[in-house]
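These notes concern the structure reproduced below.
Have a look at this one:
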């Protein structure tokens, strides 16, 4: 009988997990069925929605039935189908064509003189969202809690949809420690290794992931590994904190957290200065979600309300390029590999929906908006114009809104080098993951760049950029901020605001206490 | 008016090739609040139950609206006393006209609470 087989891998997220293997790719299994894009997908979503409404109508009271009948009739309206078709000719993406058609009609109704007509607007809004929900479809099948996910790679939406409270881990044949799932796994303290190379295991075979040493252990034969205790709670997170965090020599430091999944806000520690970065793309699983203003509004509102008085910075969708979004391939702008703000400006309908959701959410807390992958100052001006236009439209519809400060992520070397020219940015935040990639010309899968070889160059660039930022608020929210070994250099560069994954917060907090503001070690430490 | 097949001519028409039935009628809306949501639903549902094209023009307007589109019918703000012209083109056009006119004359069957007409 074969003994346990230990495979060397790269640690992507610390911790040890054992459990039955869940094989993402079954041998011979056909590729997961993808929803057909284009008009057929929309038609199907409309049919699904009509079916749902018809079920709702059964047993509903007369008044509700009138509303439901009206909604069904709108979904079957040939004029809406025609207008959507016409928009698709110029616009190509069926989801946004349909949203734009319904939004135009909602706008007309809202502007009507007669109150009964105005009241219909919300019925249309409701079906708009119902169809967007149906378009988003059912998420990819989840796997049993406590399993070790084994596969070539893993979709962020799959990670987010899974219940990790029962333990479990991730072992990827390929993947990268800088990949999105690795980032999510570190934030949630899910043990993960990457780069194991292809290995064979049976579904349900006991597997261990050693995220500390970087290994996978396959228990061949009959040996069973006792299930491990569910996910380790980051030690020290319960320590008592006063709200003020200072360096050893008394300089105040802000320590915020990064969140990916809106649910992570529930664990917001009272001693945390707020949310320094919410990556909105992780709560957006598909183009249908990106088109869904109300869904986004609900997510942002929840985060802002939970944060209370503390500031929350939400980054606009950073999608495109190597950051895919289900359904995005139907958008022609993508063929050019655009990403971040350039994609948002090339597909302004995506930006406009999100801008409206953010403008409306801003009344519920202290919101700032951060733009991803900014390279040139005019990109900020153009996005600001979009916010202004959408704010005006919301005003005409008498919808509550507030203009948030709009700042930028500094993650493109061209921007970091020219930070003094970004007069229209309200604040800067260094995104070191991408900055590292672009400074060192490495891809996400580049193992060498993962090792921190590029760090000295990135730290020098940051130090120079901080000087160029003059009096504007500056923070750092990339992975580098969560690594105590870079803290002295970052403090020496003048950074006083750090935003890190919740699991990294205790380590960074105690490191800050032991350092002077110039990055030197405090006496007696 | 591009939809569907056309069959059976009933009257000699000047148009030589597609055999078509083309009917039109005029009716006054007597319903108290006009065509708000519920009557509009009843109207467009009945209109859609016919394979012919159905169009509506309000108060002498020469703008013909798609009678199967609830957003067009509701958007036309058809009030009490409005005169509707309804025209149908294609299969069962005459029946369609008769049924729609009847529906309006019966005040959209509102007294028959929530009865389906179509």
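Chains as they are written, first to last, in the working numbering: chain V, 1 to 525; chain G, 1001 to 1118. C-beta: ideal position from N, C-alpha, C; glycine also.
Q: Kindly indicate if chain G contains any beta-carbon less than 9 Å away from that of residue 39 (chain V).
A: For residue 39 (chain V), no CB of chain G lies under 9 Å from its own CB, so it is not counted at the interface with that chain.
Q) Is any beta-carbon of chain G found at less than 9 Å from that of residue 70 (chain V)? A) So, interface residue.
Q. Quick one: Cα of residue 43 (chain V) to Cα of residue 170 (chain V), how far?
A. Roughly 37 Å separates the two Cα atoms.
Q) Taking DSSP as the reference, what is the three-state secondary structure of residue 128 (chain V)? A) Residue state, collapsed to three classes: helix.
Q: Could you have a look at residue 24 (chain V) and say whether DSSP puts it in helix, strand or coil?
A: In this structure, residue 24 (chain V) counts as coil in the three-state DSSP scheme.
Q) To which residues of the same chain is residue 29 (chain V) closer than 8 Å at the C-beta, ignoring the five residues directly before and after it? A) The pLDDT assigned to residue 29 (chain V) is 40, lower than 50, so where the model puts this residue is not dependable, and the model offers no usable value.
Q: Could you have a look at residue 286 (chain V) and say whether DSSP puts it in helix, strand or coil?
A: DSSP places residue 286 (chain V) in strand when its eight states are reduced to three.
(Q) Distance check for residue 86 (chain V) and residue 102 (chain V), CA to CA, integer angstroms please. (A) For residue 102 (chain V) and residue 86 (chain V), the gap between their C-alpha atoms comes out near 13 Å.
**Q.** Residues within the region 118-133 of chain V neighbouring chain G, beta-carbon criterion of under 7 Å
**A.** Along the region 118-133 of chain V, going in chain order, the ones with a CB nearer than 7 Å to a CB of chain G are 120.
Q.
Determine whether the beta carbon atoms of residue 172 (chain V) and residue 41 (chain V) lie at a separation below 9 Å.
A. Contact flag unset, no.
Q) Is DSSP giving residue 320 (chain V) helix, strand or coil here? A) DSSP places residue 320 (chain V) in strand when its eight states are reduced to three.
Q. Could one say the Cβ of residue 241 (chain V) lies closer than 9 Å to chain G's Cβ atoms, at least one of them?
A. For residue 241 (chain V), the pLDDT reaches just 45, beneath the cut-off of 50, and the residue's location in the model is therefore unreliable, leaving the point undetermined.
Q | Straight-line gap, residue 348 (chain V) to residue 390 (chain V) (C-alpha atoms, nearest Å) | A | Approximately 11 Å, taken between the alpha carbons.
Q: For the region 127-194 of chain V, list the beta strand (DSSP E) runs that are entirely contained and at least 3 residues long, ordered along the chain.
A: If you keep only unbroken beta strand (DSSP E) runs of at least 3 residues inside the region 127-194 of chain V, you get 148-151, 169-172, 192-194.
Q: Tell me whether residue 1026 (chain G) sits in a helix, a strand or coil according to DSSP, three-state version.
A: Strand, per DSSP.
Q: Taking only the alpha-carbon atoms, compute the straight-line gap between residue 361 (chain V) and residue 258 (chain V) and give it to the nearest angstrom.
A: Using only the alpha carbons, I get a separation of about 19 Å.
Q | DSSP-derived helix/strand/coil call for residue 245 (chain V) | A | Three-state result, residue 245 (chain V): strand.
Q | Own chain partners of residue 45 (chain V) with C-beta closer than 6 Å, once the 5 adjacent residues on each side are dropped | A | Shown here for residue 45 (chain V): same chain residues with a beta carbon closer than 6 Å to its own, the five before and five after excluded, namely 131, 134, 135 in chain order.
Q) How about residue 1060 (chain G) and residue 1098 (chain G): are their beta carbons less than 9 Å apart? A) No Cβ-Cβ contact shorter than 9 Å links residue 1060 (chain G) with residue 1098 (chain G).
Q) Is residue 103 (chain V) close to chain G, meaning its C-beta is less than 9 Å from at least one C-beta of that chain? A) No, residue 103 (chain V) lies away from the interface with chain G (no Cβ there is under 9 Å from its Cβ).
Q: Below 8 Å between beta carbons is the criterion; list the residues of the region 1063-1074 of chain G that meet it against any residue of chain V, in chain order.
A: Listed in sequence order: 1066, 1068, 1069, 1070, 1071, 1072, 1074.
Q: Output yes if chain G places a C-beta closer than 9 Å to the C-beta of residue 356 (chain V); else output no.
A: It does not; no Cβ of chain G falls within 9 Å.
Q: Just the C-alpha distance for residue 1088 (chain G) and residue 72 (chain V), rounded to the nearest angstrom, thanks.
A: Computed Cα separation, rounded: 24 Å.
Q) Skipping 5 residues on each side, what residues in its chain have a beta carbon closer than 7 Å to that of residue 53 (chain V)? A) For residue 53 (chain V), same chain residues with a beta-carbon under 7 Å away, outside a window of 5 residues either side, are 68, 71, 72 in chain order.
Q) Taking only beta-carbon atoms, is residue 369 (chain V) less than 9 Å away from chain G? A) For residue 369 (chain V), the answer is no, since every Cβ of chain G falls outside 9 Å of its Cβ.
Q: Round the Cβ separation of residue 105 (chain V) and residue 1070 (chain G) to the nearest angstrom and send it over; I've been treating them as touching at under 8 Å.
A: With a beta-carbon spacing of about 10 Å, residue 105 (chain V) and residue 1070 (chain G) fall beyond the 8 Å limit used to define contacts.
(Q) Among the candidates V:245, V:326, V:437, whose CA atom is the shortest distance from the CA of residue 179 (chain V)? (A) Shortest Cα-Cα distance from residue 179 (chain V) to any of V:245, V:326, V:437 involves V:437.
**Q.** Beta-carbon proximity check, residue 176 (chain V) vs residue 20 (chain V), cutoff 9 Å
**A.** No, the Cβ-Cβ distance between residue 176 (chain V) and residue 20 (chain V) is not below 9 Å.
Q.
For residue 501 (chain V), count the other beta carbons within 10 Å of its own beta carbon; 16 or more makes it buried, fewer makes it exposed. Which is it?
A. Buried, by the Cβ-count rule.
(Q) On the CB-based measure, 16 or more other CB atoms within 10 Å of its CB, does residue 118 (chain V) come out buried or exposed? (A) Looking at its Cβ environment, which holds fewer than 16 other Cβ atoms inside 10 Å, residue 118 (chain V) is exposed.
Q: For residue 326 (chain V), write down the residues that DSSP places opposite it in a beta bridge.
A: Residue 326 (chain V) pairs with V:286.
**Q.** Contact belief for residue 444 (chain V) with residue 322 (chain V) at Cβ below 8 Å, rounded distance in angstroms
**A.** The pair is a contact, with the Cβ atoms about 6 Å apart (cut-off 8 Å).
Q: Please work out which residues of its chain come closer than 6 Å, Cβ to Cβ, to residue 283 (chain V), disregarding the five sequence neighbours upstream and downstream, and give them in chain order.
A: Cβ neighbours of residue 283 (chain V) beyond the five flanking positions: 262, 299.
Q: Out of V:367, V:97, V:462, V:489, point me to the one whose CA is closest to residue 83 (chain V)'s CA.
A: Closest in C-alpha terms to residue 83 (chain V), from the list V:367, V:97, V:462, V:489, comes V:97.
Q. Any idea what DSSP makes of residue 280 (chain V), helix, strand or coil?
A. Reduced to three states, the DSSP call for residue 280 (chain V) is helix.
Q. Can the beta-carbon of residue 16 (chain V) be found less than 9 Å from the beta-carbon of residue 212 (chain V)?
A. Contact flag set, yes.
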